[in-house]
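Taking it in order: structure first as structure tokens, then the write-up.
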Amino acid sequence: MHDVNNLRGVDLNLLVVLDALLAERHVSRTATRLNMSQPAVSHALGRLRLLFNDPLLVRRGGQLVPSAKAMEIAPVLDQALRQMREVLGPNGFDPAREKRGFRLAMSDYGSAVVLPGLLRRLRREAPGIELVVTQSSREAMLRLLLDGECDLALGVFPDLPERLQAGQLAIEHFACVADRSSMAGKDRLDMDGYLARPHVLVAMNDGTNTEIDMALRALGHTRHVVVTLPHWGNAPRLIHGTDLVLTVARNALALHESDPSLVFFEPPFPIAPFPFVQVWHERRASDPAHLWLRNTIADVVTHAQRLTS
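Residue numbers (UniProt numbering): 1 to 309.
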């Protein structure tokens with residue numbers, strides 16, 4: 001075992017590898033993040049285990065789990081590397097040269113709002129960045145973050161577990177859409193008309209706790225949902241030629257608002273607006289590449305909001 005207190009005997013690059021391993025909990029993802037080969041990362045982990053006289057990361061259930069000592073080291077290491085990056089300044093991270101993969105979790109609503117502008121920015125400013133996008137329920141996305149299987153989750157998350165952090169991207173409002181031929185010349189529905197119509201619901205589960213239905217229950221009402229589907233993008237297309245009503249986030253309708261066969265109107269009852277956020281694990285908070293990606297996503301959403309306001 002090396003004397004970890006004698007810095008002259010320690011390759012400080014190993015600490016960068018350890019920081020990445022504790023964040024990724026996966027050898028191949030760490031290799032991609034650091035632009036190293038997998039054998040090089042495995043070799044570095046072996047040296048780190050000798051250095052600290054501890055396994056540091058133990059394979060359990062198909063993933064690497066930090067040991068108690070690694071959990072003790074993690075916050076101290078994170079703070080030390082953050083301070084070093086501050087000393088080195090912005091030259092420590094260059095998006096134009098970064099080669100890194102990120103895993104994002106979001107609904108197709110998030111994909112529609114974020115991905116077009118984000119990909120244009122990445123191709124222009126950071127062509128070495130690669131994205132893998134998945135879709136899950138809110139609960140599943142939070143679990144992916146906690147387990148280190150995801151870098152960022154974008155969506156609506158009213159309650160966050162400990163160790164997860166969030167940044168607001170936008171405040172979203174609800175809107176309704178119906179087929180124009182079913183509206184008898186009207187440009188909106190009152191409450192009775194709204195409740196009398198069948199509805200399309202967008203939800204990853206049975207949808208009984210959506211913001212829409214909770215607002216209705218607070219007024220003593222329920223609506224008749226005849227179609228439940230998990231995809232925002234296809235929902236407006238189901239309205240054509242029917243008496244169905246769809247109530248969704250306004251930005252989810254942006255691509256359809258020029259369709260003359262549809263009528264768009266405000267809900268006939270108050271539904272609280274909701275924050276659209278990005279969420280990450282605290283262990284990634286000070287990672288320069290991760291921070292750059294979060295800031296870039298925030299800029300992309302802000303720009304998209306300006307164009308549609």
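All C-beta atoms, glycine included, are put in the ideal place defined by N, C-alpha and C.
Just so it is clear, the structure is predicted and the values come from calculations on it, not from any experiment.
Which residues in the same chain have their Cβ closer than 8 Å to the Cβ of residue i, if we skip the five residues on either side of it in sequence?
| i | result |
| --- | --- |
| aspartate 54 | Ser67, Lys69, Ala70 |
| alanine 175 | Thr247, Val248, Ala249, Arg250, Leu253, Phe264, Phe265, Glu266, Pro267 |
| aspartate 299 | Arg121 |
| glutamine 165 | Val279, Trp280, His281, Glu282, Ala285 |
| leucine 57 | Leu21, Leu22, Arg25, Leu45, Leu64, Val65, Pro66, Ser67, Ala70 |
| valine 287 | What sits at residue 287 in the sequence shown is aspartate, not valine. Counting only Cβ-Cβ distances below 8 Å, and skipping sequence neighbours, we find Ala23. |
| valine 27 | Leu21, Gln38, Val41, Ser42, Leu45, Leu64 |
Exposed or buried, residue i, counting other C-beta atoms within 10 Å across all chains shown (16 or more means buried)?
| i | result |
| --- | --- |
| threonine 302 | exposed |
| serine 258 | exposed |
| histidine 199 | buried |
| proline 39 | exposed |
| histidine 221 | exposed |
| serine 261 | exposed |
| proline 116 | exposed |
| arginine 294 | buried |
| serine 37 | exposed |
| arginine 33 | buried |
| histidine 231 | exposed |
| proline 161 | exposed |
| arginine 29 | buried |
| alanine 31 | buried |
| leucine 152 | buried |
| leucine 189 | buried |
Which whole-angstrom value is the C-beta distance of residue i and residue j, which I expect to be below 8 Å?
| i | j | result |
| --- | --- | --- |
| aspartate 179 | glycine 241 | 6 Å |
| glutamate 282 | arginine 163 | 5 Å |
| leucine 81 | valine 177 | With 8 Å as the limit, leucine 81 and valine 177 do not qualify as a contact, their Cβ atoms being about 49 Å apart. |
| arginine 60 | leucine 14 | With a Cβ gap of about 23 Å, arginine 60 and leucine 14 do not count as contacting. |
| valine 277 | glycine 101 | Between glycine 101 and valine 277 the Cβ distance is about 22 Å, and since that is not below 8 Å, they are no contact. |
| aspartate 243 | serine 182 | 5 Å |
Suppose contacts are defined by Cβ-Cβ distances below 8 Å. Is residue i in contact with residue j by that definition?
| i | j | result |
| --- | --- | --- |
| leucine 145 | valine 279 | yes |
| alanine 272 | glutamate 211 | yes |
| isoleucine 129 | proline 275 | no |
| alanine 105 | cysteine 150 | yes |
| alanine 215 | proline 158 | no |
| glycine 110 | glycine 155 | yes |
| isoleucine 297 | leucine 131 | no |
| leucine 77 | leucine 18 | yes |
| alanine 235 | phenylalanine 93 | no |
Which residues in the same chain have their Cβ closer than 6 Å to the Cβ of residue i, if we skip the five residues on either side of it in sequence?
| i | result |
| --- | --- |
| alanine 74 | Leu22 |
| valine 133 | Leu104 |
| tyrosine 194 | Pro268 |
| leucine 255 | none |
| methionine 84 | none |
Could you name the residues that DSSP lists as bridge partners for residue i?
| i | result |
| --- | --- |
| aspartate 187 | According to DSSP, which records beta bridges pairwise, aspartate 187 is partnered with nothing at all. |
| phenylalanine 265 | Cys176 |
| phenylalanine 276 | Ala170 |
| glutamine 38 | Paired residue(s): none; glutamine 38 is not in a bridge. |
| valine 248 | Ala175 |
| threonine 228 | Leu201 |
| threonine 134 | Ala105 |
| arginine 100 | Ile129 |
| glycine 241 | The partner list for glycine 241 (beta bridge, DSSP) is empty, contrary to what the question assumes. |
| glycine 155 | Val277 |
| leucine 164 | His281 |
Tell me which same chain residues have a C-beta within less than 7 Å of the C-beta of residue i, skipping the five on either side of it?
| i | result |
| --- | --- |
| alanine 126 | Pro95, Ala96, Glu98 |
| histidine 173 | Arg250, Pro273 |
| aspartate 187 | Val263, Phe265 |
| methionine 191 | Pro268, Phe269 |
| alanine 304 | Val113, Gly117 |
Verify the contact flag: residue i, CB atom, against every heavy atom of the ligand PLP, threshold strictly below 7 Å.
| i | result |
| --- | --- |
| serine 28 | This structure simply doesn't include the ligand PLP, nor any ligand for that matter. |
Chain C beta carbons: is any one of them nearer than 8 Å to that of residue i?
| i | result |
| --- | --- |
| glutamine 278 | In the structure shown, chain C cannot be found, because there is only a single protein chain. |
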